[in-house]
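Below is one structure, written out as structure tokens, with a few remarks after it.
Residue numbers (UniProt numbering): 1 to 148.
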């Protein structure tokens, strides 16, 4: 085993969160937020995770040999699910109007909107993001209204 292999093994032993998501086209997809562009797929969850380990080893080898920084694992933190949010008055009015049109609360509409944004950043569909974030029972924003 080389020094590079040892370094990679140490890095992969850190508490990086591997996100395993079902993918209708290929079975499962695995990503790690701190490894941008490193992705693996597999027909089963086990295969996807195994493929990810190999992909991550190659990804890390390129980063280390090229002198690119390796991001430390993000800290796992407990979040109570409540935030205080200050937004411009006009945006608040628009959100309130959309909530009325969608027959939901402002809080529900904001939860769906935030979930959709985060899901897009993670490469998920709207449905996958809603499921991941536990929002399957909340209303979905009307795409025709939201796109205006």
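Where is the CB? At the ideal position from N, CA and C, for every residue including glycine.
{"Check": "Three CB pairs or more closer than 8 Å across the segment 2-15 and the segment 52-66", "Outcome": "yes"}
{"Check": "Distance between residue 26 and residue 13 (C-alpha atoms, nearest Å)", "Outcome": "27 Å"}
{"Check": "Exposure of residue 115, with buried meaning 16 or more beta-carbon neighbours within 10 Å", "Outcome": "buried"}
{"Check": "Environment of residue 42 [buried if 16+ CB atoms lie within 10 Å]", "Outcome": "buried"}
{"Check": "Beta-bridge partners of residue 53, as assigned by DSSP", "Outcome": "Note: residue 53 sits in no beta bridge, so no partner."}
{"Check": "Extent of the continuous alpha helix (DSSP H) to which residue 117 belongs", "Outcome": "106-121"}
{"Check": "Close beta carbons around residue 29, own chain, < 6 Å, minus the five adjacent residues each side", "Outcome": "21, 23 and 41"}
{"Check": "Per-residue DSSP class, three states only, for residue 30", "Outcome": "strand"}
{"Check": "Pair within 8 Å by beta-carbon distance, residue 35 and residue 56", "Outcome": "yes"}
{"Check": "Beta bridge counterpart(s) of residue 39 as assigned by DSSP", "Outcome": "31"}
{"Check": "Where residue 148 falls, given that 16 or more other Cβ within 10 Å makes a residue buried", "Outcome": "Because residue 148 sits at a pLDDT of 37, beneath the cut-off of 50, its placement in the model cannot be relied upon, and the point is left open."}
{"Check": "Whether residue 95 touches residue 110 by CB criterion (8 Å)", "Outcome": "yes"}
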